[in-house]
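Numbers -21 to -1, 1 to 230, taken from mature numbering (1 follows the signal peptide of the UniProt record, and there is no 0), label the letters of the sequence shown in order.
This report refers to the structure that appears directly beneath it.
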Amino acid sequence: MTTLKTLACIALATSSAQIFAAEFEFDRPGTGFGTSTTPVGRLAWEQSLPTASYVKSGNETTTTLNADMLLRTGLTDSLELQLGWDGPAWSKTKTAGVSSEQDGLGDVSIGLKKAIDLQDDKLSLAVLAQAVIATGNSEFSNRNDIYTLGSTVAYQYNDDVDTSISMFYEWQDSHWAITAVPTLQYKIAGDWSGFSELVYRKAESQDNEYGLGTGVMYALNERTQLDASVGVDLEGSARSYNAGLGVSFLF
């Protein structure tokens, strides 16, 4: 389930992180993305500390760490530019007691997110156009560029609960894939909030893929947030898990 882990790690499109902010929300952590955009003249820096994945298949285990990041800046009141990087990465593979380690750099991405005004206090919509450019080292790269069109529709159920669904349509090396991410976001207490998500993915000529993720966020102030998240893949004989810590700043 490599592609699902890639989606979760890159933060190319991640779920709302400060879900109760009226004007701005971070896109860490999670797989979907929020419906707000960065204010004009401001810069959001969203950094993992790091993201980790663990895969066990038969007698082989692979552990991967990468410090992915996303920069977001407002171009207009409803349009933002996104620049992402999978960052430096390290992996360790152990097969029948024999270990090997690799390190390198991941791919970069560029995207535009547009918030669409539905003239509704509870319902919001945003679309994302993005390209992942396969510039990383071969061990940590998607090998071929990925072009994605995404959308998120969010509904504020009440002051404590938000629901949303993100959809991604991908094209890579003449092959298509679709990903759906329904998400529940909730306030826990004080400056603490959380999210839970289901990730469904169907790629051309591949079996259905499923994953679950959950996490918490803590708002240090209006411009700084800490987060932690975990996830698990549900199908196949291999056991696959991912987790991450992160910090986000608005300058």
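Where is the CB? At the ideal position from N, CA and C, for every residue including glycine.
Cβ neighbours of residue i in the same chain (closer than 6 Å, five flanking residues each side left out)
{"i": "Y148", "result": "L128 and I157"}
{"i": "I167", "result": "G173"}
{"i": "T43", "result": "S32 and S70"}
{"i": "I95", "result": "L104"}
{"i": "V19", "result": "G53"}
{"i": "S36", "result": "A217"}
{"i": "residue 269", "result": "Outside the displayed span of the chain (-21 to 230) sits residue 269, for which this structure offers no information."}
Spatial neighbours of residue i in its chain, beta-carbon cut-off 7 Å, leaving aside the 5 residues before and after
{"i": "T114", "result": "D86 and V87"}
{"i": "D229", "result": "Note on identity: in this sequence residue 229 is Leu, with Asp being the wrong assignment. The residues are F3, R21, A23 and R202."}
{"i": "residue 232", "result": "The structure shown does not extend to residue 232, since the chain is modelled only from -21 through 230, so no value can be given for it."}
{"i": "A(-1)", "result": "Residue confidence is low: A(-1) scores 35 on pLDDT, short of 50, so the model does not pin down where it sits. No coordinate-derived value is stated."}
Own chain partners of residue i with C-beta closer than 8 Å, once the 5 adjacent residues on each side are dropped
{"i": "residue 244", "result": "Past the boundaries of the shown model lies residue 244; the chain is included only from -21 to 230, so the question cannot be answered."}
{"i": "N137", "result": "none"}
{"i": "G66", "result": "S27, P29, N45, A46, D47, M48, L84 and G85"}
{"i": "S130", "result": "L104, A105, V106, L107, S145 and M146"}
{"i": "Q151", "result": "N121, N123, D124, I125 and Y126"}
{"i": "A110", "result": "S88, I89, G90, D124, I125, Y126 and T127"}
{"i": "D82", "result": "P67, A68, W69 and S70"}
Element boundaries [beta strand (DSSP E), containing residue i]
{"i": "A156", "result": "H154 to A168"}
{"i": "N45", "result": "E39 to N45"}
{"i": "T52", "result": "M48 to T55"}
{"i": "N200", "result": "E188 to N200"}
{"i": "S117", "result": "Element bounds for S117: n/a, residue is neither H nor E."}
{"i": "N221", "result": "R218 to L229"}
{"i": "L213", "result": "No beta strand (DSSP E) contains L213, which DSSP labels as neither H nor E."}
{"i": "K71", "result": "P67 to T74"}
{"i": "S78", "result": "V77 to L84"}
{"i": "Q98", "result": "Looking at the DSSP string, Q98 is not in any beta strand (DSSP E), and its letter there is neither H nor E."}
{"i": "A174", "result": "It should be pointed out that residue 174 corresponds to Phe in this sequence rather than to Ala. Where F174 is concerned, the enclosing beta strand (DSSP E) stretches over W171 to A182."}
{"i": "S36", "result": "L22 to S36"}
{"i": "Y136", "result": "No beta strand (DSSP E) contains Y136, which DSSP labels as neither H nor E."}
Integer-rounded CB distance, given that residue j should sit under 8 Å from residue i
{"i": "Y33", "j": "Y220", "result": "5 Å"}
{"i": "K192", "j": "S208", "result": "Residue identity differs from the one stated: residue 192 is Gly in this sequence, not Lys. The pair is a contact, with the Cβ atoms about 6 Å apart (cut-off 8 Å)."}
{"i": "A75", "j": "N38", "result": "5 Å"}
{"i": "G9", "j": "T162", "result": "7 Å"}
{"i": "S143", "j": "G225", "result": "Not confirmed; about 19 Å, so no contact."}
{"i": "D206", "j": "R7", "result": "5 Å"}
{"i": "Y134", "j": "K101", "result": "6 Å"}
{"i": "residue 248", "j": "E118", "result": "Because the chain here runs from -21 to 230, residue 248 falls outside it and cannot be looked at."}
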